[in-house]
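There are 2 protein chains.
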Amino acid sequence: MANSKIPSRAAGTLKRTRIQMEKEELILEASLEVFSRHGYRGSTLDQIADTAGLSKPNVLYYFRNKDAIHRHLLDRILDNWLEPLRRIDPDGDPIAEIKSYIRRKLELARDYPRESRLFANEVLQGAPRLKEEFDELKQLVDEKVGIIRNWSQTGKLKKFDPYHLIFAIWATTQHYADFDAQVRAVLGQAGKGEGRFEDAARFLDLLFIDGLKSD
Amino acid sequence: MANSKIPSRAAGTLKRTRIQMEKEELILEASLEVFSRHGYRGSTLDQIADTAGLSKPNVLYYFRNKDAIHRHLLDRILDNWLEPLRRIDPDGDPIAEIKSYIRRKLELARDYPRESRLFANEVLQGAPRLKEEFDELKQLVDEKVGIIRNWSQTGKLKKFDPYHLIFAIWATTQHYADFDAQVRAVLGQAGKGEGRFEDAARFLDLLFIDGLKSD
DNA sequence: GCAACCTTTGACCGGATGGTAAATATTTTT
DNA sequence: AAAAATATTTACCATCCGGTCAAAGGTTGC
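The listed protein sequences correspond, in order, to chains A and B. In terms of this note's numbering, the first sequence opens at residue 1 and continues consecutively. In terms of this note's numbering, the second sequence opens at residue 1001 and continues consecutively.
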């Protein structure tokens, strides 16, 4: 009779025990580590269990299956990832808004590189698990593109396609997380500390601000 | 007596038969398709064999193992990928050189997205199979960074860290190949044709040229 | 302290996967 | 056309992997 098998409930929204909360967090942290390094198919439940210091069946006690863990991570990540874009304020100063958007994105890349890589892995493979999330993303981007377009028309910015500005900001900032291995290899000794992020910030400010400000 | 088992020789540099050349090409093409979509671990020999229209053992007759195929592709790709960078001419006009470097990289992203994704997959996962290639890469980048630095000093360009310019160009151009799924999702209908590459080219010209030209 | 519930584990399963062996078919050479 | 060499296939194997099960071990509330 006893409901000896309600593992998935643990990950649901119903009341969870102290142990459930702790272990779920532990598993998600371990999974982020593993998934971000090896991609979905490249990661195994055994790896995740080992990293978390748990047994495989124990991991599956908290999450229905491998996919559920991955989805859970993706959901959590996309939200944080879009936060800086949400913050763009139509009433702010265009240059200042774009500048701080870039800075925030770069900080995310510096402080949450694993999240960036997990996301990148997913998109690279055609984003099979992100179809719905992309709808929300498109809506948000469309809104902000409208704002930027208005800014252009009032003459504070040059005329350009705002979609590609957003792509360029995503690309340049996330590059430092996603292609970290390459960046470090190219910079050599100079790439050791976190200084490259400050150098990047300086360069990107120069590039985007001078590149977009109307004369 | 007969050397009934020299499969790996087929992939070597020794004289190859007509069939060997054809089939190796067929396998590499199929592998590019599969690896670029699913990453190394996400790809199976069966998938590759199916895509190539061969049996799995037949594929392994031409290549030692899965890893050998992958390595072969990586080697070939990196070379083509660096070609535009190699072409940067110290005696050319700085703005024109950078402009055509960007254009060439963007053309590669448009015409060879699978190659870009395969490479991106590898770097994302820490570039385990690219350690040596990165040495060559660093050398080339260092050389071109010197050239750009000289250009800056002669006053034709602003002062900035050339490493980050190169990262920014890589990031923005390859973005259209690597994050294609996202780009298309965001652009919606507008992202259907190849027009996004022309829009991107226009935007990147504006961004980089106006951003870097000294006043 | 004990009953009810929650957590953890070891043993196991079926299918996928990388790879091999040996026999057979095909092509090339003589 | 036969011999020699190359190419392809069928059957197979060992390992890995996602996932299950049932039993044992802990916690918690009364």
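No residue lacks a Cβ here, since even glycine has one placed at the ideal position from N, Cα and C. Remember, predicted model here, so these are calculated numbers, not experimental data.
Same chain, Cβ closer than 8 Å to residue i, neighbours up to 5 away in sequence not counted
i                       : result
residue 1263 of chain B : For residue 1263 of chain B there is no data in the structure shown, the boundaries of chain B being 1001 and 1215.
residue 1140 of chain B : 1082, 1085 and 1086
residue 1032 of chain B : 1073, 1114, 1115 and 1118
residue 1097 of chain B : 1088 and 1089
residue 1045 of chain B : 1056, 1059, 1060 and 1066
residue 18 of chain A   : none
residue 80 of chain A   : 108, 112 and 115
residue 1209 of chain B : 1095, 1098 and 1099
In DSSP terms, what residue i is bridged to
i                      : result
residue 213 of chain A : A:157
Same chain, Cβ closer than 6 Å to residue i, neighbours up to 5 away in sequence not counted
i                       : result
residue 104 of chain A  : 84
residue 152 of chain A  : 159
residue 1078 of chain B : 1133
residue 1092 of chain B : none
residue 1115 of chain B : 1077
residue 1195 of chain B : none
residue 1047 of chain B : 1034
residue 197 of chain A  : 110
Identity of the residue in the options nearest residue i by Cα
i                       : options                           : result
residue 1128 of chain B : A:158, A:113, A:106 and A:185     : A:185
residue 1174 of chain B : B:1124, B:1087 and B:1109         : B:1109
residue 1154 of chain B : B:1098, B:1169, B:1094 and B:1198 : B:1094
residue 201 of chain A  : A:106, A:96, A:54 and A:53        : A:106
residue 1070 of chain B : B:1197, B:1051 and B:1040         : B:1040
residue 1189 of chain B : A:193, A:138 and A:102            : A:138
residue 157 of chain A  : B:1207, B:1156 and B:1170         : B:1207
residue 1148 of chain B : B:1126, B:1193, B:1101 and B:1187 : B:1101
residue 51 of chain A   : A:42, A:29 and A:64               : A:29
residue 1038 of chain B : B:1213, B:1212 and B:1125         : B:1125
residue 1169 of chain B : B:1199, B:1099 and B:1136         : B:1099
Contacts of residue i in chain A (Cβ-Cβ under 7 Å)
i                       : result
residue 1192 of chain B : Per Cβ cutoff of 7 Å: no residues; residue 1192 of chain B is ~14 Å from chain A at best.
residue 1121 of chain B : 124
residue 1181 of chain B : 123, 126 and 127
Close Cβ partners of residue i (< 7 Å) along its chain, the five nearest in sequence each way excluded
i                       : result
residue 122 of chain A  : 74, 129 and 130
residue 117 of chain A  : 36, 177 and 178
residue 1191 of chain B : 1183 and 1184
residue 180 of chain A  : 113
residue 1172 of chain B : 1204
residue 187 of chain A  : 196
Reduced DSSP category for residue i - H, G, I as helix; E, B as strand; rest coil
i                       : result
residue 1036 of chain B : helix
residue 1112 of chain B : coil
residue 137 of chain A  : helix
residue 177 of chain A  : helix
residue 63 of chain A   : coil
residue 1056 of chain B : helix
residue 84 of chain A   : helix
residue 1171 of chain B : helix
residue 1129 of chain B : coil
residue 100 of chain A  : helix
residue 192 of chain A  : coil
residue 961 of chain B  : Here chain B has residues from 1001 to 1215 only, and residue 961 of chain B is not among them.
residue 1041 of chain B : helix
residue 149 of chain A  : helix
residue 89 of chain A   : coil
residue 16 of chain A   : coil
residue 1185 of chain B : helix
residue 4 of chain A    : Bear in mind that a pLDDT of 34 at residue 4 of chain A, under 50, signals an unreliable position, so the number given afterwards is only what the model happens to contain. Reduced to three states, the DSSP call for residue 4 of chain A is coil.
Per-residue contacts from residue i into chain B (C-beta, under 9 Å)
i                      : result
residue 189 of chain A : Going along chain B, no residue has its Cβ under 9 Å from residue 189 of chain A, so there is no contact; the nearest lies around 11 Å.
residue 96 of chain A  : Within 9 Å Cβ-Cβ: nothing; residue 96 of chain A doesn't reach chain B, min ~17 Å.
Interface residues of chain B facing residue i [CB-CB closer than 7 Å]
i                      : result
residue 138 of chain A : 1185, 1186 and 1188
residue 158 of chain A : 1206
residue 141 of chain A : 1186
Chain-ordered chain B contacts of residue i [CB-CB under 8 Å]
i                      : result
residue 39 of chain A  : 1039, 1041, 1042, 1121, 1124 and 1125
residue 172 of chain A : 1167, 1168, 1171 and 1172
residue 117 of chain A : 1124
Residue i: CB within 8 Å of a non-hydrogen atom of the ligand GDP
i                       : result
residue 1016 of chain B : For the ligand GDP, the structure offers nothing, since it holds no ligand at all.
Neighbouring residues, chain A, relative to residue i (Cβ below 9 Å)
i                       : result
residue 1211 of chain B : 206, 207, 208, 209, 210, 211 and 212
residue 1063 of chain B : Chain A residues near residue 1063 of chain B: none, gap ~20 Å exceeds 9 Å.
residue 1153 of chain B : Residues of chain A passing the Cβ test: none, with the nearest at roughly 16 Å.
Contacts that residue i makes with chain A (C-beta to C-beta distance below 8 Å)
i                       : result
residue 1200 of chain B : 164 and 167
residue 1161 of chain B : 199, 202 and 203
residue 1178 of chain B : 120, 123 and 124
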